[in-house]
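**Q**
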Amino acid sequence: MLKTKEADINRIIVKIHFYKYQGAGNDFILIDNRDNSVDHHNPKLISGLCDRRFGIGGDGLMLLQNKEGYDFEMIYYNADGQPSSMCGNGGRCIVAFAKFLGVIESETEFLAVDGPHYAKISDEGDWVSLQMIDVNEVNTDADAYVLNTGSPHYVKLVDGLEQRNVYQEGHAIRNNATYRKNGINVNFVEPMEKGYFVRTFERGVEDETFACGTGVTAVALAMAQHKQQTGHITTPIKVLGGNLNIRFDYDGKAFTDIFLEGPAERVFEGDVVI
């Protein structure tokens, strides 16, 4: 006769409906939590859901919640289960999710961890232009640039990017004495005929990802300063997961009207029992 543990009998079974989205290969679990039915203050649960072998799999998890004065609020967690700073591709995906849910139509003003964001989405719901925060400071670390575009980023120009060991090099920089405590996202950049090729090691994921929205934004701004460009600038960027575009204004001192543009796609949906 099988013996059932009392803990198993008393365990409350909860079913969560989720959606999977991707933006240029950056993939996310999204949950409609406007009814506050999901208690998301559980790092072990979130990291388990983001696990690619034992869970749904994703670079992060987002919850769409009600917020007075805004169309919605974006709550974002890294794949390690910890609350994160701003995620640009996640922001674009949650805008597409909001349109799918009927929360918005073509434009939105929503709240994220780094403040309010405006975004516009195509009628088809698969292309999102997301306004990022203004940037007033770009620092240097030896021959690299360091700046915050909603998340902290390290930007380094390299040659032969396709062949580089981005995990090894990025992991070493993210965990050096300067950045170990708070972490940093590490972007390697190689100029192309039009724009740049970028590969990123992301903190929180602790691995290379197929794209990083705040990362490519940081690259575009850093490269404008590097080349001493000013005015209205448009920068196409290729990542492992596809193509993104960044446009902004730069007067030599401050970067304003920054927009991260690219695809956002609903991949599948389902239920998970926890």
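Quick note: the sequence shown uses UniProt numbering, first residue 1, plus one each step. For every residue, glycine included, the Cβ atom is placed at its ideal position computed from N, Cα and C. All of these numbers come straight from a predicted model, not from anything done at the bench.
#1: Which residues in the same chain have their Cβ closer than 8 Å to the Cβ of D207, if we skip the five residues on either side of it in sequence?
#2: Is the region 261–269 touching the region 240–248, taking contact as three or more C-beta pairs under 8 Å?
#3: Please classify F110 as buried or exposed, where buried requires at least 16 other C-beta atoms within 10 Å of its C-beta.
#4: By the three-class DSSP mapping on this structure, what secondary structure does S47 have?
#5: My understanding is that G125 touches F100, with C-beta atoms under 8 Å, so please give their C-beta distance in whole angstroms.
#6: Whole angstroms is fine: what's the gap from R199's alpha carbon to I104's?
#7: If we require 3 or more residues per run, which beta strand (DSSP E) segments fall completely within the region 174–230?
#8: Apart from the five residues on each side of it in sequence, which residues of its chain come closer than 7 Å, Cβ to Cβ, to N78?
#9: Using 8 Å as the threshold, is the region 265–272 in touch with the region 18–27, meaning 3 or more CB pairs across them?
#10: K253 lies in the alpha helix (DSSP H); which residues open and close that run?
#11: For T214 and I274, what's the separation of their Cα atoms in angstroms?
#12: Once the 5 residues before and after T4 are set aside, which same chain residues still bring their CB inside 8 Å of it?
#13: Spatial neighbours of A144 within its chain, please: C-beta separation below 7 Å, excluding the five flanking residues on both sides.
#14: Would you please state the rounded distance, in angstroms, between the beta carbons of residue 275 and V189? I believe it to be under 8 Å.
#15: Take Q225 as the anchor and find which of A119, L147, A98, D80 has the nearest alpha-carbon.
#16: Between T149 and T217, is the Cβ-Cβ spacing less than 8 Å?
#17: Which residues share a DSSP beta bridge with K238?
#18: Please list the terminal residues of the continuous alpha helix (DSSP H) segment that includes V158.
#19: Given a cut-off of 8 Å, decide if G195 and P236 are closer than it, judged by their beta-carbon atoms.
#20: Where does G60 fall in DSSP's three states?
**A** Working from what's here:
#1: Cβ within range, chain order: Y167, F201.
#2: Enough Cβ pairs lie closer than 8 Å, so yes.
#3: Around the Cβ of F110, a 10 Å sphere holds 16 or more other Cβ atoms; the residue is buried.
#4: Three-state DSSP puts S47 in a helix.
#5: That belief holds up - the Cβ atoms of G125 and F100 are roughly 6 Å apart, short of 8 Å.
#6: Using only the alpha carbons, I get a separation of about 32 Å.
#7: Listed in chain order, the complete beta strand (DSSP E) runs (minimum 3 residues) inside the region 174–230 are 185–191, 196–202, 207–209.
#8: Closer than 7 Å at Cβ, skipping near neighbours: G60, S84, G204, V205.
#9: Yes, the region 265–272 touches the region 18–27.
#10: Run containing K253: none; DSSP gives neither H nor E here.
#11: Roughly 32 Å between the two C-alpha positions.
#12: With a pLDDT of 41 at T4, under the threshold of 50, the modelled position of this residue cannot be trusted; read the value that follows with caution. For T4, where only same-chain residues beyond five positions count, there are no Cβ hits under 8 Å.
#13: The answer, listed in chain order, is Y154, V155, K156.
#14: This structure leaves residue 275 out entirely; the chain is present only between 1 and 274.
#15: When only C-alpha atoms are compared, the closest one is L147.
#16: Yes, Cβ-Cβ distance for T149 and T217 is below 8 Å.
#17: DSSP output for K238 lists F197, N243 as bridge partner(s).
#18: In the DSSP assignment, V158 falls outside any alpha helix (DSSP H), carrying neither H nor E.
#19: In terms of Cβ geometry, P236 and G195 form a close pair [threshold 8 Å].
#20: G60: strand per DSSP, three-state reduction.
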